[in-house]
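Student: Have a look at this one before I ask anything.
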Amino acid sequence: MSTVLETEHLKKTYLGKKTALYDVSLKVESGRIYGLLGPNGSGKTTFLKIIAGLIKPTAGNFKVCGKEFGIDTKKIVAFLPDKNVVYPWMTSEDAVNFYADFFEDFDKNKAMDMLKFMKLEPKQTVKTMSKGMIEKLNLSLTFSRASKLYILDEPLGGTDPVAREQIIKTIIKTWTEESAILITTHLVSDIEHVFNDIAFLKEGEIVLEGDAEDLRSTRGKSIYQIYLDVFGV
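Just so it is clear: in the sequence shown, position 166 is 358 by our numbering, and no numbers are missing.
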C-alpha cells in the first residue's frame with residue numbers, strides 16, 4: 193500500500209473573501225475507497241477541483257503518487273464532476289470515442305463493456321437520457337481511464353435506487369490494489385458500506401476522520417448515524 197494522495201494545509205479563499213477550505217490535510221492510500229462526507233456547501237467540490245487541477249489553492253500543497261501538482265499529476269487523476277461532462281447531441285458511443293481521442297490512458301473496449309454492464313444503449317443520445325442514465329454514462333467514461341486516483345463528486349446525486357445500486361456495484365468492480373477512489377457525497381446511508389476510510393468536512397474543515405470500521409466500532413454507530421451527530425441533523 194502506498195500513498196496516492198497527500199494534502200498539506202490546503203486553503204481556498206475566493207475573490208469575494210469567502211473561504212471554502214481551511215487547513216485541510218489528509219492522506220489517501222492505494223487500494224482504499226475514501227469517503228469525504230459533508231452537506232452541500234461544506235467545501236467538498238472545492239477540494240476535488242483543487243486535486244483535479246481546475247482551481248488553485250490559496251495556500252498549502254498536495255502530491256499525487258509523490259509528485260507535486262503539474263501535468264504529470266493531471267495525467268493520473270480521473271475526475272467525475274457533479275455535472276454532465278458530455279454534449280447533449282452525443283450518443284453513448286460518441287462519448288466513448290470523444291474520451292478515447294482526448295485521454296491517452298482511455299480504454300475504449302473497457303468503456304463499451306461498461307456501457308453494457310450499465311445497460312446503456314450505444315446509439316442513444318444524451319439528451320434523451322434520464323439523470324441516472326447520464327450519471328452512469330459519465331461514471332463509465334471516468335472509470336475507463338487507467339488512472340491512479342479516481343475522484344467522484346456526488347456520483348449518486350439525482351439518481352433512482354436502481355441506478356444507485358448499479359453505480360455502487362461499478363465502484364466496487366473498478367476497485368484495485370494499485371489505485372484509490374475518493375468520493376464526496378451527502379447520501380451516506382446508500383454508500384457507506386464501500387468506504388474504507390472516512391473524513392467529515394464541515395464548513396471547510398475536517399472535524400473527524402479515520403478508518404470506517406474503527407469509527408463504527410469505537411462509537412457503536414453506523415457512519416450515517418455519526419454523520420447525523422457531526423452535522424447536527
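The beta carbon of each residue, even a glycine, is placed where N, CA and C say it ideally should be. Given the structure is predicted, the values throughout are model-derived calculations rather than measurements.
Which parts of the stretch 254-311 are runs of the beta strand (DSSP E), unbroken and 3 residues or longer, counting only runs that do not cross its ends?
Tutor: DSSP runs (the beta strand (DSSP E)) wholly in the stretch 254-311: 269-272.
Student: Rounded to whole angstroms, what is the Cα-Cα separation between VAL278 and PHE290?
Tutor: In the sequence shown, residue 278 corresponds to position 86, counting from 1. In the sequence shown, residue 290 corresponds to position 98, counting from 1. Near 9 Å, if we compare the C-alpha coordinates of PHE290 and VAL278.
Student: Can you tell me whether MET325 is buried or exposed, with buried defined as 16 or more other CB within 10 angstroms of its CB?
Tutor: Your numbering for residue 325 matches position 133 in the sequence shown. When all chains shown are included, MET325 counts as buried.
Student: Rounded to whole angstroms, what's the CA-CA distance from PHE295 to PHE261? Just pull it up for me.
Tutor: Within the sequence shown, residue 295 is the residue found at index 103, counting from 1. Within the sequence shown, residue 261 is the residue found at index 69, counting from 1. Answer to the nearest angstrom: the Cα atoms are 18 Å apart.
Student: Is the stretch 198-212 close to the stretch 303-316, with three or more CB pairs under 8 Å?
Tutor: Verdict: no, contact absent.
Student: Got a sec? Which residues, its chain only, sit under 8 Å from THR368 by beta carbon, not counting five neighbours each side?
Tutor: Sequence index remark: in the sequence shown, residue 368 carries index 176 (1-based). Cβ within range, chain order: GLY223.
Student: Around the C-beta of ILE398, are 16 or more other C-beta atoms found within 10 angstroms, so that it is buried, or is it exposed?
Tutor: Position 206 of the sequence shown, counted from the first residue, corresponds to residue 398. Classification of ILE398: buried, given that the 10 Å Cβ count is 16 or more.
Student: Which residues mark the beginning and the end of the beta strand (DSSP E) in which GLU357 is found?
Tutor: Residue mapping note: residue 357 aligns to position 165 of the sequence shown, counting from 1. Careful: GLU357 lies outside any beta strand (DSSP E), inside the alpha helix (DSSP H) at 353-366.
Student: Can you give the beta carbon distance from ILE458 to ILE375, rounded, assuming they're within the 8 Å contact cut?
Tutor: Since the first residue of the chain shown is 193 and the last is 425, residue 458 is not available in this structure.
Student: How would you write the range of the alpha helix (DSSP H) that TYR342 sits in, first residue to last?
Tutor: Taking the first residue of the sequence shown as 1, we reach residue 342 at position 150. First-last for TYR342: 341-345, but that is the beta strand (DSSP E), not the alpha helix (DSSP H).
Student: Under DSSP, the beta strand (DSSP E) around LYS203 begins and ends at which residues?
Tutor: Taking the first residue of the sequence shown as position 1, residue 203 is located at position 11. Note, LYS203: beta strand (DSSP E), 195-205.
Student: For VAL288 and ALA338, what's the separation of their Cα atoms in angstroms?
Tutor: Residue 288 sits at position 96 when you count from the first residue of the sequence shown. Residue 338 sits at position 146 when you count from the first residue of the sequence shown. Near 14 Å, if we compare the C-alpha coordinates of ALA338 and VAL288.
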